[in-house]
Amino acid sequence: MNLKSFFYKYIVNNIVNLQSRFPTYIWALCLLVGVTLACVRHEFQESDNVIGRITPVGESTKTLRFLPGTYMPGDVNEITYSTVVVSGTPTPDATRPVDVVRTAKNYTVVSGDTLSKIARAHRVSITSLRQENNLNTDLLSLGQVLIIPNTFLDIGSDRKLIPDSELVYGPGQIGFDVDEFLSQWNGYVNNIVEIDHRGITRNGSEIINYVSENYSVNPRLLIVVLENKTGWVRGSEVGNISTTYPFGYVHSGYKGLLRQLSWAADVLNYGFYSWMQESLHQMSFDDGTQLVFAPGLNAGTVAVQYYFSQFLDKTDWNKMMVDRVFDDLYTDMFGDPFGYSYEPLLPSVLEQPPLKWPWSLDEVWYFTGGPHGGWDSGSAWAGIDFGPPEGSIGCQASQAWIRASTDGRVVRSSEGAVVQDLDGDGYEQTGWNLIYMHIDSVDRVELGRDLRVGDLIGHVSCEGGYSSATHLHFSRKYNGVWIAADDPNTPFNLDGWLVESS
C-alpha cells in the first residue's frame, strides 16, 4: 500500500520511498473505516439531554459555524509574574475595507463577494437577504442579481476594546501568574474547588489556567469576564450568583465554574475567528433585534462585543458600551489593554515549518475526520484526526507510537495533551506549536524533553477531553492563534500532503 492509494482505501499509508513528488490534497471528509474513529460530529437538538461538548447545528443566526472539536482540561506550568503599569493606544483599523452602504434595490454579485459581505455592506441581516432572494445556499455566482431588502440594521459601537493579542493565550501573557494575581483579593474564586468528569480536583486559579491554555484565550480576559459576571475575583461573597451556572448559561453539561468559563472562552473564540474569516457580521439578541458590527473593528474587539450580546439585550448592550463598563473594569484590574499589544500577531506571510507524519513509516493509520475545531466549536478548524493501525479498539490505548513530526521542546505534557514548541524559546504562547491530543499517560513523553523528528511521544487513547474512540487529534497554533488546517495560505502540510475542506 502506498500514499497514492489513500483515497481508494481510505487510509494514510506513509511509505518513505513512495512519497508524493508534488503536494497532494487530503480532501478532509470524515472517512468511514468500518466504524467511526474521531472527535465525532453529531447533530443535536437543543432539547437533547446530553453531557459534554455539544454544538447545536441548524439555521439559527446564532448557530456556530465551526464543527465540534476537542475539549480537554489540561495541566498548567507555573511561571513568574511581575506587576507592571501599562498604557497604549488601540491598533489601527483592520485592513478590511469599510464598505459603502449602497442605496440601490438590486445588487450584482462581483468577484470576492460572499453573502455575509454583501449583508454587512448593506446593513441587512443574512436571514432577510436569503428570504428576499429565496436562497437555500450561501453559494453565489458572478453576475447574479440580488434584491437588497429595505430593512437596514443599526450599527454597533465602533470603539475598540482590546487588541487581538489580548484575546489569545499568546506572547503578551508570558510571565502572568493567575494564582499570584488572584491572591491580591480575598475573592470567592479563591475558595472554589471542583472535581471534573475525570475525577480531577482543581481550585479557582487552576480552572482559569486550564481554560486559558486549552482554549488559547488570554487569562486576563477570562478574569475580567468572570469578575464582570460574578464579582467573585474581588468580592468574598457569592452574592445572588448561581454557583451551578455562574455565567447564566443553563444547559446540560455546563455545571460549575470550569464548564461555564469554558463556554465563555468558546464564545470569545467564536467571535474572534469568525470575524477573521469574515463569516460573522452581526449580533442577534434574544428579543429578536440585531446590530451590525462597525466596519474597521479588530477581531479581539468583535469577540468581546459578541460575547456580551449572548446574554444582554440590545438596550443593555448599548448602555454597556456607552458607559465603558468593560473598558473601565479591564483598566482598573490590569491597566490599559492596548499597553499589552503584540503586533503583528500573525505575519503577513505565515510559513509552516516542514512536518513529517507523526508515526512510523511502515504503519497504516486511518484519516478519520476534520478539519474541525482545534479546541471546542468556537476555535478555528485547526484539528484533524487519525485512527491507529489496530482500527476500532474502543478507548483502549493503541500499541503503536505517536512520534514527533519535527524537532522541538515539549512545553506541556498532561491530561492527554502533548504540546511541542518549535521556535526553541520554551513557551507555548509564542511561535509555532503542535498539539498532539489524546496521548495516554502511560509512556507519554515528559515535560521539558527536547525532541528530534521521529522521537517517541506516546500512545493514542481517549485520554483528555471527550472522545468516543481512540485517535490522535492533531492541530497547530502560532503565537496562540489557532491556525485552520485548511487555511488557504498556510494549510496543514504533512510530508507534502495538504489539508483542504471539501
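With my numbering as the guide, the letters of the sequence shown map in order to residues 39 to 540.
Even glycine gets a Cβ: it sits at the ideal position worked out from N, Cα and C.
Only a predicted model underlies this, so the values are computations on that prediction, with no experimental measurement involved.
Check	Outcome
Bridge partners for residue 515 per DSSP, in chain order?	471 and 520
Below 8 Å on the Cβ atoms is my contact criterion, and I expect residue 191 with residue 328 to pass it. Report the Cβ-Cβ distance as a whole number of Å.	5 Å
Counting C-beta neighbours from all protein chains within 10 Å, is the total for residue 437 16 or more, i.e. buried, or is it exposed?	exposed
Please confirm whether residue 209 and residue 467 have their CB atoms less than 8 Å apart.	yes
Of all the beta strand (DSSP E) runs that stay within the bounds of the region 203–289, which reach a length of 3 or more residues?	231–233 and 239–241
Just the Cα atoms here: how many angstroms apart are residue 164 and residue 153?	7 Å
On the DSSP bridge assignment, give the partners of residue 447 in chain order.	459 and 488
Mapping the DSSP letters down to three states, classify residue 156 as helix, strand or coil.	helix
State the DSSP-derived secondary structure class of residue 384, mapped to helix, strand or coil.	coil
For a quick check, are the C-beta atoms of residue 240 and residue 296 less than 8 Å apart?	yes
Cβ of residue 216 within 8 Å of Cβ of residue 518?	no
Apart from the five residues on each side of it in sequence, which residues of its chain come closer than 6 Å, Cβ to Cβ, to residue 270?	225, 226 and 227
Figure out for me which residue from 325, 418, 394 and 422 has the closest Cα to the Cα of residue 407.	422
In the structure shown, what three-state DSSP assignment does residue 536 receive?	strand
Would you give the residue range spanned by the alpha helix (DSSP H) that residue 165 belongs to?	164–171
Mind checking residue 526: buried by the 16 CB within 10 Å criterion, or exposed?	exposed
Take the Cβ of residue 410 as the centre, count every other Cβ of all protein chains shown within 10 Å, and call the residue buried at 16 or more, exposed below.	buried
So, are the CB atoms of residue 199 and residue 330 less than 8 Å apart?	no
Inspect the beta-carbon positions of residue 203 and residue 452 and report whether they are closer than 8 Å.	no
Using CA atoms only, rank isn't needed, just tell me which of 521, 426 and 417 is closest to residue 510.	426
Please report the straight-line C-alpha distance between residue 282 and residue 243, rounded to a whole angstrom.	18 Å
Between 235, 268, 311 and 245, which has its C-alpha nearest residue 291's C-alpha?	235
Could you check whether residue 507 and residue 430 sit closer than 8 Å to each other, using their CB atoms as the reference points?	yes
Which runs of the alpha helix (DSSP H) fall wholly inside the region 338–412 and span at least 4 residues, in chain order?	352–360 and 363–372
Can you pull the DSSP bridge partners for residue 146?	183
Suppose contacts are defined by Cβ-Cβ distances below 8 Å. Is residue 464 in contact with residue 449 by that definition?	yes
Comparing alpha-carbon positions, which option in 432, 503, 495 and 514 lies nearest residue 472?	514
Taking the alpha-carbon of residue 521 as reference, which of 470, 475 and 495 has the nearest alpha-carbon?	470
What separation, rounded to the nearest whole angstrom, lies between the Cα atoms of residue 362 and residue 356?	10 Å
Enumerate in chain order the residues of its own chain whose CB-to-CB distance from residue 435 is below 6 Å, with the five nearest sequence positions on each side excluded.	478, 497 and 499
With the cut-off set at 8 Å, would you say residue 149 and residue 184 are in Cβ contact?	no
Whole angstroms is fine: what's the gap from residue 286's alpha carbon to residue 146's?	44 Å
What number of angstroms, rounded off, separates the C-alpha of residue 151 from the C-alpha of residue 186?	14 Å
In terms of residues, what are the limits of the beta strand (DSSP E) holding residue 330?	328–330
DSSP beta-bridge partners for residue 499?	509
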